[in-house]
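Number of protein chains: 2
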Amino acid sequence: MPPVTADPVEVNLINALEDRGLRRTAARSAVTDRIERVSDAFTAEQLCRELPDVGRATVYRTIRHLVDAGALCKLPILDGAPMYSIARIEHHHHTICSRCGAVGEFRHSTVERVMRSLEKEIDGDIVGHRMEIFITCSSCLAKSEINSSSGNSSVSI
Amino acid sequence: MPPVTADPVEVNLINALEDRGLRRTAARSAVTDRIERVSDAFTAEQLCRELPDVGRATVYRTIRHLVDAGALCKLPILDGAPMYSIARIEHHHHTICSRCGAVGEFRHSTVERVMRSLEKEIDGDIVGHRMEIFITCSSCLAKSEINSSSGNSSVSI
DNA sequence: CTCACTATTGATATCAAGTATCAATTAAGA
DNA sequence: TCTTAATTGATACTTGATATCAATAGTGAG
Ligand SMILES: [Zn+2]
Ligand SMILES: [Zn+2]
Ligand SMILES: [Zn+2]
Ligand SMILES: [Zn+2]
Chain A
136 MPPVTADPVE VNLINALEDR GLRRTAARSA VTDRIERVSD AFTAEQLCRE
186 LPDVGRATVY RTIRHLVDAG ALCKLPILDG APMYSIARIE HHHHTICSRC
236 GAVGEFRHST VERVMRSLEK EIDGDIVGHR MEIFITCSSC LAKSEINSSS
286 GNSSVSI
Chain B
136 MPPVTADPVE VNLINALEDR GLRRTAARSA VTDRIERVSD AFTAEQLCRE
186 LPDVGRATVY RTIRHLVDAG ALCKLPILDG APMYSIARIE HHHHTICSRC
236 GAVGEFRHST VERVMRSLEK EIDGDIVGHR MEIFITCSSC LAKSEINSSS
286 GNSSVSI
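If you're matching them up, the sequences are chains A and B in order.
Count the first sequence with the numbering used here and you get residues 136 to 292, in order.
Count the second sequence with the numbering used here and you get residues 136 to 292, in order.
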């Protein structure tokens, strides 16, 4: 059975910036420290609120640098601001809880194998792919069992 | 070999709206006619520009109704406004040309089978998924062969 | 260590996408 | 035809994000 998770990568965001020739500054360290401390995915605005002493422009700029460096994933959200999460695994996909928004990473070799197999069938050259699995996470499941009750809101994609 | 495309569905957008109890109006017909005439994916703003006599609010509202009705797909775009395309196939995924933005639909039974198989390995209940394959479409490939030259700009996801 | 030079910062203005309001208009059924 | 509720669209507003640019702060040379 192929591994669902693999190769957790050591992350040091401020180093990722320095590797790109960017200076280590107080503002950037504040941003990267905060991101590393937060376990979950976040929006740029959330980060701005949590770092009132760092200018929004700097928060947005730093996020952009980190995405460019491949140290952060930008998750496309259908409605509202995109979310970001630390890229702990080289190539991977995300699980997103449709109730609480919790984001997880996973890798699955079968998925990648299927992607490669599509090469033959798709018109043009494949240059990449993206995939998200929407879930109800175990903690949300637990909560809804406590409150028993309510609806099975399924997500239509 | 499993089919890459399947079940093309007849689309009649104005009917899709009427089926939801919405009235057939001149403004809505103008919007749906336009969408049906445009083969490619489009943004809301594009549609507004092409329909200067329909108010933007109405364009946005109509698009929202069509997405709710499942007649339009909303494609999450990482940067900039989301794009919409007519849903011609029941459940499906998209190919997106990373050069020209052309959007295609496809279905592949293996992909769906793999998704189901992930149920066992992912923590929580799977309620849906989304997938996009980024390509260089055949027409862009043809163009770049004419101009010979240039770089294999690969997309990092 | 000091200086000069460039990168960085952040207040502010601006832009872009999209939604809320609400009076005027219009579709649709009796 | 007439009544009524749905729809429209000009306008103002919200939100997310970027552009500007003077002030500030790293960095490397001397
Ligand atoms: Zn959850
Ligand atoms: Zn993959
Ligand atoms: Zn193309
Ligand atoms: Zn699928």
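Virtual Cβ for every residue (Gly too), placed ideally from N, Cα, C.
DSSP three-state label for His-228/B, please. strand
Tell me the DSSP secondary structure of Leu-210/A in three-state form. Three-state result, Leu-210/A: strand.
In angstroms, rounded to a whole number, what distance separates the CA positions of Ser-284/B and His-226/A? Low confidence applies here, because Ser-284/B scores a pLDDT of 47, under 50, leaving its location unreliable and the question unanswered by this model.
Alpha-carbon to alpha-carbon, Ile-212/B and Cys-235/B: Annotation: Cys-235/B to Ile-212/B spans about 14 Å, alpha carbon to alpha carbon.
List, in order along the chain, the chain A residues whose C-beta lies closer than 9 Å to that of Gly-156/B? Within 9 Å Cβ-Cβ: nothing; Gly-156/B doesn't reach chain A, min ~19 Å.
So who's on the other strand from Gly-239/B, going by DSSP bridges? Thr-230/B
Ligand 3 site residues, beta-carbon cut 6 Å against heavy atoms: Cys-232/B, Arg-234/B, Cys-235/B, Ala-237/B, Cys-272/B, Ser-274/B and Cys-275/B
Using only alpha-carbon positions, find the residue among Phe-177/B, Leu-210/B and Gly-205/B that is nearest to Val-194/B. Phe-177/B
Taking C-alpha atoms, which residue in His-229/A, Ala-161/A, Ala-162/A and Asp-168/A lies nearest to Leu-148/A? Per the Cα distances, Asp-168/A.
With three or more C-beta pairs closer than 8 Å as the rule, is the segment 266–277 of chain A touching the segment 246–262 of chain B? The segment 246–262 of chain B vs the segment 266–277 of chain A: in contact.
Cβ-based burial, Thr-230/B [other Cβ within 10 Å; buried from 16]: buried
Can you name the start and end residues of the beta strand (DSSP E) that Thr-271/A belongs to? For Thr-271/A, the enclosing beta strand (DSSP E) starts and ends at 260–271.
Under 7 Å between C-beta atoms, does His-213/A make it to chain B? In the sequence as presented, His is not what sits at residue 213/A; that position holds Leu. Yes - at least one Cβ of chain B is within 7 Å of the one on Leu-213/A.
Give me the Cα-Cα distance between Leu-207/B and Glu-153/B, rounded to the nearest whole angstrom. 15 Å
Cβ of Asp-258/B less than 7 Å from any chain A Cβ? yes
Could you confirm whether any beta carbon from chain A is found closer than 7 Å to the beta carbon of Glu-267/B? yes
Locate the alpha helix (DSSP H) running through Ile-198/B, then write down its first and last residues. 191–203
Hey, would you say the C-beta of Glu-267/B is under 6 Å away from at least one heavy atom of ligand 2? no
Candidates Ala-179/A, Ala-222/A, Ala-277/A and Ala-192/A: which alpha carbon is nearest Asp-260/B's? When only C-alpha atoms are compared, the closest one is Ala-277/A.
Segment limits, alpha helix (DSSP H) that includes Ser-164/B: 161–172
Would Cys-272/B count as contacting chain A if we go by Cβ distances under 7 Å? yes
Span of the beta strand (DSSP E) around Ile-221/B: 218–221
State yes or no: is the beta carbon of Val-245/B nearer than 7 Å to at least one beta carbon in chain A? Per the sequence shown, the amino acid found at residue 245/B is Thr instead of Val. Yes, its Cβ sits closer than 7 Å to a Cβ of chain A.
Would Ala-162/A and Val-189/A be called neighbours here (beta carbons separated by less than 7 Å)? yes
Determine whether the Cβ of Met-229/A lies closer than 7 Å to any Cβ atom of chain B. In the sequence under discussion, the amino acid at residue 229/A is His, which differs from the Met named in the question. So, not an interface residue.
Is the beta carbon of Cys-183/A closer than 7 Å to that of Arg-191/A? yes
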